[in-house]
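Heads up, the thing below is written out as structure tokens.
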Amino acid sequence: MSELKPVTSSNIKAAGYSENSRTLVVEFKSGKRYRYANISPELWKQFEATFDGSQSAGKFFNANIRPLPCEPIED
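The numbering of the sequence shown is my numbering, which starts it at 14 and goes up by one.
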């Protein structure tokens with residue numbers, strides 16, 4: 014897993030992706046983190062393109078990623 018990248022969002026703090034395992038990790042500003050499996054590189058690239066705030070990362074996440082199965086990451 015690469016380092017988490019900061020996200021310009023009111024709800025999402027950071028996200029990172031591993032192309033080898035096709036796994037996405039999303040960290041929310043609440044401190045909670047979730048792992049999403051079987052994420053295509055294309056979906057990651059589309060999501061990553063929203064990180065600078067030019068598009069709403071939250072809207073993209075809610076429409077395209079939130080409905081997918083995930084598991085919480087406990088520290």
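In this text, a Cβ means the ideal position worked out from N, Cα and C, and glycines have one as well.
**Prompt:** Got a sec? Which residues, its chain only, sit under 7 Å from Phe41 by beta carbon, not counting five neighbours each side?
**Reply:** As a position in the sequence shown, residue 41 is number 28, starting the count at 1. Excluding sequence neighbours, Phe41 sits near Asn24, Ile25 and Lys26.
**Asked** Quick one, are the C-beta atoms of Val39 and Ile78 less than 9 Å apart?
**Response** Working through the sequence shown from its first residue, we reach residue 39 at position 26. Working through the sequence shown from its first residue, we reach residue 78 at position 65. Their beta carbons are under 9 Å apart, which means Val39 touches Ile78 by this criterion.
**Lys45 vs Gly29 beta-carbon contact at 9 Å** = As a working note, residue 45 is residue 32 in the sequence shown. As a working note, residue 29 is residue 16 in the sequence shown. Result no, Cβ atoms of Lys45 and Gly29 do not sit closer than 9 Å.
**Item:** Spatial neighbours of Leu81 in its chain, beta-carbon cut-off 7 Å, leaving aside the 5 residues before and after
**Value:** By 1-based counting over the sequence shown, the position of residue 81 is 68. Cβ neighbours of Leu81 beyond the five flanking positions: Tyr49.
**Message:** Looking only at its chain, what residues have a beta carbon closer than 7 Å to the beta carbon of Gly66, apart from the 5 residues adjacent to it on each side?
**Reply:** In the sequence shown, residue 66 corresponds to position 53, counting from 1. Closer than 7 Å at Cβ, skipping near neighbours: Thr21.
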